[in-house]
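One structure below.
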Amino acid sequence: MKSEELCLFEVDISVPVQQFRVEYTLVEKGGLPFVPEYLLRLLKISALLPSDIARFFGFTPKEVSSALLPFLQQGELTITDDGRVTLTQKGLRLFSGGDEVPVVKGRKEYRKSFTFDLLTYSFMEQKKYRLDSPKRSVVLSADSAARAESVSSAEVAFQRHLAKIYKSGELCRYSDESDAPELYKVSQVRKDKDSYIRVVESYCLDLESMNYGFSDQEGLPELEAYISARSQKLAELLGRSNLESLVAFADRLGDRHTLDLLGTGYLDLTRIAEVSTATLYSGQSAIDPIYGALQLTRNWDRVEKLLSKHTKRLAKEAASVAKVMTWLAPAAHDLWGKCSRHGQAMSVFTNAGTLSVNGNEKRVISPRVLVPLRDAHDGQAQRRAFIECKEAESILHGFIESPALSGLEVIILADAFAVLLYHVVQPDLHPVPIPCGFITEDKQMVRRIEAALEDRLAEYTEGNVPRYQGPLSPAKGVRKR
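Count the sequence shown with my numbering and you get residues 12 to 492, in order.
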C-alpha cells in the first residue's frame with residue numbers, strides 16, 4: 012500500500028534463522044605498484060627495446076631486468092625476434108574493457124559470519140536485520156529437515172546469493188565494483204548459532220481504495236514462502252468469529268456507535284473511514300472513537316494523556332486510598348501482546364498514578380492487569396503472561412474466560428475514564444483481529460462499563476469456581492493465596 016493508511020493492528024513476526032561461519036577464497040582484482048603499472052602502460056602503446064625502457068625510467072640494465080622478469084615468467088610479456096619487449100594476449104587482458112590502467116587478479120581468504128533464514132535460506136543483511144529474541148512475537152517454525160541439513164543448505168545459499176552479499180558490503184573489503192568478485196572456493200561452513208529476526212507487520216486500511224492488507228515491506232525473506240508461513244501461523248492464533256458477543260455487549264451499554272459499525276453482520280470498514288475523526292455520537296454519551304490496537308503510538312499517546320490528567324487530579328484530591336485501575340486483556344485470540352510496543356505500554360501502565368511528594372513516593376492509582384485463563388489451573392496462560400507482560404508482573408491478576416468478555420479490551424479508572432476496544436475477529440475477512448471502540452470520560456458510560464465487567468467477574472464458573480482468580484504468582488504459574 013502506498014497511499015494514506017490507517018493502521019489497525021501491528022504484530023511482530025519472528026523468523027527462524029541460523030548464523031554460519033564461512034571460510035572462503037575470492038579472486039579479487041587489484042592495482043599494480045607505480046613502476047610495473049606504468050611499464051605495462053608504456054608497452055601497451057608500443058613494443059620497446061630494454062635500452063629504451065631504461066632511458067625512459069632512468070633504470071640500469073639490472074633494474075630493467077628485475078622489472079620485466081615477473082611479467083615474463085607469468086607469460087604477460089614476451090621478447091620478439093628483434094629483441095623488443097611486447098605484451099602477449101594474456102598481458103593485454105590486464106587492460107580489461109579498454110581500461111588504460113592494468114588490473115591484476117589475486118586470491119584472498121576470508122572468514123566471516125552470515126545469516127540465512129530457515130524458511131528458504133535467504134540472505135539476511137546485518138544492517139537491515141539484527142538477531143533478536145522471539146519474546147512478544149508470533150514465532151514461525153522451520154521443518155526438521157531444514158535444520159538437519161542446514162550446513163549444506165547454507166553453503167549452497169552462500170554461493171547463490173553471492174552478488175547480494177557482495178552488494179551488502181559483508182562479503183569483502185570493498186563493494187563498489189559493478190560485479191561481485193569471483194568465488195574461488197568455499198573451504199568450510201560451520202553453524203554458529205540459532206536465532207530469530209523480527210519483522211514488524213502492520214495490517215492497514217487504505218483510506219483511498221478502502222482495501223486492507225499488510226503494508227509493503229522491503230528485504231523480507233523469499234516472499235511467497237514467508238507469506239505462506241505467516242498466514243498459517245496467524246490462522247492458528249486468530250480464533251473464531253465473535254461478532255455476536257460483541258454486538259450483545261455493545262447493546263447492553265447502549266453503544267450506538269459500535270452497533271452502527273457491526274450492525275450489517277461484519278465490520279463496516281467504509282464506516283470506519285467516515286467516523287474516524289468523530290468525537291461525539293448524537294443521542295448518546297460523549298465518546299471519542301478509537302481504531303486499531305491500543306499499543307499503536309497514536310492510540311497509546313491518548314491513553315497516556317488520560318493517565319497523566321487523572322493522576323494529577325487525584326493527587327490534588329489527596330484521597331487516603333489509591334483508586335483501582337484495571338486493564339482487561341482480550342481472550343478471543345492469541346495475538347494480544349505480540350509486538351514490542353506492548354512492553355512499553357505495560358511499563359507506563361504499571362507506573363501510572365505514582366508521584367513524588369516532598370521526596371516521598373505516593374501512589375494515587377493502584378493498577379492491575381486482568382489476564383484471561385481457560386480454567387483455574389491454566390498454568391500455560393499464566394506463565395505466558397509473566398513473559399509477555401514482564402513489566403507488569405507485580406500487578407497481574409487472573410480471571411476465567413467469559414464469552415461475554417472474550418472479545419473486549421478495557422482500561423478503566425472508576426468514575427474517571429474508560430477505554431473500550433472491541434476485538435473483532437472475522438477469519439474469513441481478516442488475518443488479524445480488528446480493534447475498534449472508544450474513549451470516554453462520561454461518568455454514566457464509565458459506570459455502565461464498570462458494572463458490566465464487575466457483574467461478570469463476580470460470577471462463579473462450573474464447579475463453583477470464582478471467575479476472578481486474584482493476583483498471580485510467577486512461581487510455576489500458580490496464583491497467590
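Cβ coordinates follow ideal geometry from the N, Cα and C atoms, glycine included.
Three-state class that DSSP yields for residue i in the structure shown
i, result
"SER163", "helix"
"ARG209", "strand"
"GLY224", "strand"
"TYR35", "strand"
"LEU407", "strand"
"PRO300", "strand"
"LEU60", "coil"
"PHE106", "coil"
"GLU16", "strand"
"LYS119", "strand"
"LYS196", "strand"
"VAL457", "helix"
"ASP23", "strand"
"GLY488", "Annotation note: pLDDT 49 at GLY488 (below 50); position unreliable, coordinate value reported separately. In the structure shown, GLY488 sits in a helix (DSSP, three-state: H, G or I)."
"GLU372", "strand"
"THR131", "coil"
"LEU201", "Residue identity differs from the one stated: residue 201 is Arg in this sequence, not Leu. Strand."
"TYR471", "strand"
"ASP190", "coil"
8 Å CB neighbourhood of residue i in its chain, flanking five on each side removed
i, result
"GLN480", "LEU384, ALA387, HIS408, GLY409, PHE410, ILE411, ARG490"
"ARG118", "THR36, LEU37, VAL38, GLU39, TYR195"
"PHE397", "GLU404, LEU407, LEU483, PRO485, GLY488"
"LEU270", "VAL258, ALA261, ASP262"
Start and end residues, beta strand (DSSP E) containing residue i
i, result
"PRO482", "479-482"
"PRO383", "376-384"
"LYS334", "334-339"
"PRO72", "Premise fails: PRO72 lies in the alpha helix (DSSP H), 72-84, not in any beta strand (DSSP E)."
"THR451", "445-451"
"LEU419", "419-424"
"LEU432", "428-435"
Boundaries (first-last residue) of the alpha helix (DSSP H) holding residue i
i, result
"ASP389", "Run containing ASP389: none; DSSP gives neither H nor E here."
"GLY354", "352-362"
"THR89", "Counting along the chain, THR89 falls outside any alpha helix (DSSP H), though it belongs to the beta strand (DSSP E) covering 88-90."
"THR97", "From DSSP, THR97 is part of no alpha helix (DSSP H) but of the beta strand (DSSP E) over 96-98."
"LEU270", "267-273"
"LYS316", "308-328"
6 Å CB neighbourhood of residue i in its chain, flanking five on each side removed
i, result
"ARG32", "SER124, ARG201, ASP203"
"LEU495", "Shown here, the chain extends from 12 to 492; a query on residue 495 therefore has no answer."
"MET336", "ILE376, PRO378, LEU424"
"ALA289", "Low confidence applies to ALA289: its pLDDT is 49, below 50, so where it sits in the model is not reliable, and the reading given next is rough at best. Here the set comprises PRO300."
Integer Cβ distance of residue i from residue j, believed to fall under 8 Å
i, j, result
"LYS334", "SER367", "Contact flag wrong, Cβ pair sits at about 19 Å."
"PHE82", "GLY102", "7 Å"
"ALA168", "PHE127", "5 Å"
Per-residue burial, residue i [other beta carbons within 10 Å of its own, 16 or more giving buried]
i, result
"ILE238", "exposed"
"ASN371", "exposed"
"ARG147", "buried"
"ALA494", "Residue 494 cannot be examined here, being either before or after the span of the chain that is shown, 12 to 492."
"GLU328", "exposed"
"ASN475", "exposed"
"GLU399", "buried"
"GLY276", "exposed"
"ILE56", "exposed"
"ASN253", "buried"
"ALA330", "exposed"
"VAL22", "buried"
"GLU473", "exposed"
"LEU291", "With a pLDDT of 48 at LEU291, under the threshold of 50, the modelled position of that residue is not reliable, and no figure is offered here."
"ASN310", "buried"
"TYR214", "buried"
"PRO72", "exposed"
"PRO414", "exposed"
Sequence-distant residues of its chain with Cβ nearer than 7 Å to residue i (five each side left out)
i, result
"SER107", "VAL114"
Residue i CB to nearest heavy atom of the ligand NAP below 7 Å
i, result
"GLU16", "Looking at this structure, you won't find the ligand NAP or any other ligand, since it has none at all."
Beta carbon proximity, residue i to chain D, threshold 8 Å
i, result
"ASP227", "The structure shown contains no chain D; it is built from a single protein chain."
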